[in-house]
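Q: Chains as they are written, first to last, in the numbering used here: chain A, 1092 to 1412; chain B, -14 to 277; chain C, 20 to 436. Beta carbons are placed, not taken as given, at the ideal position from N, Cα and C, and that holds for glycine.
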């Protein structure tokens, strides 16, 4: 039964490019929305299940863009390989920062701050590291359609790659949720000390969650770089970190359906506001975005997750929490 | 570049560092107060500083010509903003778990940052010429008057704040609250009013520091993030003990800032600052002088 | 029951997205020559908003004038329609703006994006679709990489750099001196690098070696360390390539830290000596010099009239950003007239428009009257063969033309007091 809703979602995803009339501009926006939603879904591992408010998404996403771009530009390496390499690099960085952080019991605000600092540290390092990036944009060679290299002139190519990524991420996260690892992670979120006393290797599971999420975030970065055809250290963007965390929280920490649905809706609304109002009052759409966030977090601190879940429950045998 | 020349440059850089640190201390003090007294994690602290800087710009362009006079408006304005923020948002957050506080104040961060975007179109702003933008020399060392003045004002304010915390009833109550909130309320202090005042003072300090920073520096859309991380880093280093602790921690960061910019590369400045932050978190999670 | 779920989800998706994109009539309009759609990508928010807004003002003013004087005669009086997009001072923003203009607004030509690195990202979108870009960005690279649908009228970055050097050498010579210890300071972006290279190359060709070359991050907020480093080098002339906000910081830091240098010359047209920078820097702007792609004091009839109109409407003197747009738009008009006459079947295609642009040799008319050298003719790579930069200095709180010496309004103040 669950497979029917999954099938429906798959059909909807696949149909989107045609629904926007194959217009390059709208395809671009929709692909972006799905890319950011993918990060939100992956974030659940560390934030929703692991209970750490991670603000490092911008670091991993940026790393994916820069490493993939660098390999494509300097070595002509296929983007696919670039995605894998940058994902591994991001997981590596995540390990380097996660291991000491978790080992030394860095929690709550300090973890959030250090992950945010990571975004900026990486940005400044790559601004100075002119062999790989530096302050000048680097341009990825144009190709009308080169699926081996992973570069195309039309966005539809990137759309389907992203849709596939989103779907796989969703499946991975829901799989983990049901697995032993997932249960351990949630027990950590509920009460870390208790979990530890019961013998759960807190550090190991948090680190696993962090590394998987960082890998996926890097892949989104690599896809982005290939799509826009250039990379630059400004892709290490703290806004991506903040946007991811807030969308995930509004969607409901630890809920499966809430975050992606909320993410798609709110990001679409943001784009719509930008197109209509954006030129009138610059930034108004984002102010509204900010207001929505504050209001929801204040009045519904569990986010919209429970609401969406109860809606889903009206349809029996649908995907549940 | 070695020898006497380098010596002079080093001294110059150290002087800048101490002056910067003095002003950073004021910026960090507000955060330390809020975190210490009310146990409130204000993730948007940096954004408030950015807002104060932009407001200082607005005031100096519209009302005063000289940014030096903007604190006259900025301090009361931000005290009021503090009160409103407390009544509107913080009051509900005091009892909430830290993760919720962070989440909610991140929402405030988003709001403030985008407000700045909407109003000032994310343009960097530098204040108009101040009459203090000159310098005098002590031997081979140049002392910029604007930075010196900012530092002096900061020191005086911190001194007065310290007096307040140690000599007045309210101040003592605040310090006691940092130790044990329940004991304080059991002793009959209206904690609600206490926290309201704390938030007001915290943001008033932000208002003043924003004005001071604007006398010698520009505000950009990323200023909020930078000052946010910097002030939290200072609080991490200082722990939550005393004004003196904050001051010393700030000067350490000011020196790191100046030495990185002057001796290495201005682009390396943030790597050093945030790297130092993370190092402190790993090595001394309780801070240098901390009590918590 | 789950079939209902599937149906609801699919229908919701369809409705939602169709509403979002208003796609339900799916046809794309074929371009009629009832109007010529001109796209403008400029930074209207963010770090470089000062320039973008000035460019937009210039575009609106000139297009109104062209339209009110009958539009394009050879196309039956067709009018120009302006589509403005904000690049948000980022490369991503410029690219997104170009995507929208090309795919949604279906523009025939794009003017932009002022910042060289942003302009390059636009080309990724415009080249495959054969949309002509008339660049108001200066980096040489734009016309040196074999892009087919780009022209650039203002003098390129290296010319600005060379002009700054020639001016400085001339000033020193007039005072019986020679440059011996130049220092180059620039921000670390693409434009900063290339313009500084231009300065360096020119110095080297004249046999002069710079004593130091200092780079700073574009988003620098405190110039004190840079000033100190300059002071250490003890220069007799400083060449600086800033953007806007950093130019203000630079000027103020020079004043407040008491840096004494006989001559400070900017290159690249952004910051230091334009009205916005003067207003923001106050007294610190005095005696600052920069090279520009446009001379607001060019004494031709049309230029004087246009500058007056701009000042009346917007309350400030037009400089770099506005000036480039002035002559770019008028050149576009000339090209459209030619294209309409020579290629009546398809006057607005990228190829035909490019051919029309290449065929131009303008020495009179509004385009020439607003251009510093008064002569516009494009080389095969898209640059103007007769490109020339001028230099303005702030004297008494106002910009004044000091170079070329034979056209100057006033003698440059040297050395700096």
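Hey, is residue 247(B)'s beta-carbon within less than 8 angstroms of any beta-carbon in chain C?
A: For residue 247(B), the answer is yes, since a Cβ of chain C falls inside 8 angstroms of its Cβ.
Q: If we call anything under 8 angstroms between Cβ atoms a contact, is residue 1336(A) one with residue 1181(A)?
A: Against a cut-off of 8 angstroms, the Cβ pair of residue 1181(A) and residue 1336(A) comes out as no contact.
Q: Under the assumption that residue 275(C) contacts residue 296(C) (Cβ atoms under 8 angstroms), give the Cβ distance between them as a whole number of angstroms.
A: Wrong, their Cβ atoms sit about 16 angstroms apart, outside the cutoff.
Q: Quick check on the burial criterion: 16 or more other C-beta atoms within 10 angstroms. Buried or exposed for residue -14(B)?
A: In this prediction, residue -14(B) scores a pLDDT of 44, lower than 50, which makes its location untrustworthy; the coordinate-derived value is nonetheless stated afterwards. Classification of residue -14(B): exposed, given that the 10 Å Cβ count is below 16.
Q: Within 10 angstroms of its Cβ, does residue 150(B) collect 16 or more other Cβ (buried), or is it exposed?
A: Per the 10 Å Cβ criterion, buried.
Q: I'd like to know if residue 127(B) contacts chain C, where contact means its C-beta is closer than 8 angstroms to some C-beta of that chain.
A: So yes, residue 127(B) belongs to the interface.
Q: Could you tell me whether the Cβ atoms of residue 262(B) and residue 218(B) are closer together than 8 angstroms?
A: Yes.
Q: Tell me which residues of the stretch 3 to 34 of chain B have at least one Cβ-Cβ distance to chain A shorter than 9 angstroms, keeping chain order.
A: Answer set for the stretch 3 to 34 of chain B: 20, 26, 28.
Q: For residue 1227(A) and chain C, any beta-carbon pair shorter than 8 angstroms?
A: For residue 1227(A), the answer is yes, since a Cβ of chain C falls inside 8 angstroms of its Cβ.
Q: Beta carbon of residue 292(C), beta carbon of residue 436(C): below 8 angstroms?
A: The answer is no: Cβ separation not under 8 angstroms.
Q: Determine the closest residue to residue 1352(A) out of 1132(A), 1106(A), 1260(A), 1222(A), with distance taken between C-alpha atoms.
A: Measuring from the Cα of residue 1352(A), the nearest candidate turns out to be 1132(A).
Q: Scan the stretch 1325 to 1364 of chain A and note each continuous beta strand (DSSP E) run of 3 residues or more that stays entirely inside, going in chain order.
A: If we require 3 residues or more, the stretch 1325 to 1364 of chain A turns out to have no beta strand (DSSP E) run fully inside it.
Q: Let me make sure I understand the geometry here. Which of 344(C), 282(C), 256(C) has the alpha-carbon closest to that of residue 72(C)?
A: Out of 344(C), 282(C), 256(C), 344(C) has the C-alpha closest to the C-alpha of residue 72(C).
Q: Can you pull the chain A neighbours of residue 302(C), defined as C-beta to C-beta under 9 angstroms?
A: Those within 9 angstroms of residue 302(C) in chain A number zero; the least Cβ separation is about 32 angstroms.
Q: Would you mind working out which of 110(B), 178(B), 241(B), 38(B) sits nearest residue -5(B), comparing C-alpha positions?
A: Measuring from the Cα of residue -5(B), the nearest candidate turns out to be 241(B).
Q: Give me the DSSP bridge partner(s) of residue 129(B).
A: 120(B).
Q: Which runs of the alpha helix (DSSP H) spanning at least 4 residues fall entirely within the stretch 200 to 264 of chain C, listed in chain order?
A: Listed in chain order, the complete alpha helix (DSSP H) runs (minimum 4 residues) inside the stretch 200 to 264 of chain C are 209 to 224, 243 to 252.
Q: Less than 8 angstroms between CB atoms is the rule here; does residue 1282(A) satisfy it with respect to chain C?
A: No, its Cβ sits nowhere closer than 8 angstroms to a Cβ of chain C.
Q: Between residue 1258(A) and residue 1104(A), which are expected to be in contact by the criterion C-beta below 8 angstroms, what is the C-beta distance as a whole number of angstroms?
A: Sure, about 7 angstroms apart at Cβ, within 8 angstroms.
Q: Counting only C-beta atoms, is residue 101(C) closer than 8 angstroms to chain A at any point?
A: It does not: the Cβ of residue 101(C) has no partner Cβ on chain A nearer than 8 angstroms.
Q: Tell me, please, which residues DSSP counts as bridged to residue 1321(A).
A: Looking at the DSSP assignment, residue 1321(A) forms a beta bridge with 1230(A).
Q: What three-state label does DSSP hand residue 88(C) in the structure shown?
A: Residue state, collapsed to three classes: coil.
Q: Tell me the rounded alpha-carbon separation between residue 173(C) and residue 207(B).
A: Each residue's Cα considered, the two are about 32 angstroms apart.
Q: Consider the Cβ of residue 1336(A): report whether some Cβ of chain B lies at a distance smaller than 8 angstroms.
A: Residue 1336(A) counts as touching chain B.
Q: So, helix, strand or coil for residue 52(C), using DSSP?
A: Coil.
Q: Taking the continuous alpha helix (DSSP H) assigned at residue 435(C), which residues delimit it?
A: It is not in any alpha helix (DSSP H) - residue 435(C) carries neither H nor E in the DSSP assignment.
Q: Bridge partners for residue 412(C) per DSSP, in chain order?
A: According to DSSP, residue 412(C) bridges with 308(C), 419(C).
Q: Is DSSP giving residue 164(C) helix, strand or coil here?
A: In this structure, residue 164(C) counts as coil in the three-state DSSP scheme.
Q: State the start and end residues of the unbroken alpha helix (DSSP H) segment that holds residue 180(C).
A: 176 to 193 is the span of the alpha helix (DSSP H), which, as asked, contains residue 180(C).
Q: Can you tell me the Cα-Cα spacing of residue 175(C) and residue 262(C), whole angstroms?
A: Looking at the two C-alpha atoms, the distance is approximately 16 angstroms.
Q: By alpha-carbon positions, which one of 117(C), 134(C), 132(C) ends up nearest to residue 126(C)?
A: Closest by alpha carbon: 117(C).
Q: Around the Cβ of residue 235(C), are there at least 16 other Cβ atoms within 10 angstroms (buried) or fewer (exposed)?
A: It is buried - the Cβ of residue 235(C) has at least 16 other Cβ atoms within 10 Å.
Q: Would you say residue 243(B) and residue 5(B) are within 8 angstroms of each other, going by their C-beta atoms?
A: A contact, by the Cβ cut-off of 8 angstroms.
Q: Using a Cβ-Cβ cutoff of less than 8 angstroms, which residues in the same chain neighbour residue 268(C) once the five nearest sequence positions on both sides are dropped?
A: Counting only Cβ-Cβ distances below 8 angstroms, and skipping sequence neighbours, we find 239, 240, 241, 242.
Q: Given a limit of 7 angstroms on CB to CB distance, which residues of the stretch 219 to 243 of chain C reach chain B?
A: Against chain B - using a Cβ distance shorter than 7 angstroms - the residues of the stretch 219 to 243 of chain C are 235, 236, 238, 239, 240, 241, 243.
Q: Spell out the partners DSSP gives residue 380(C) in its beta bridges.
A: Residue 380(C) is bridged to 396(C).
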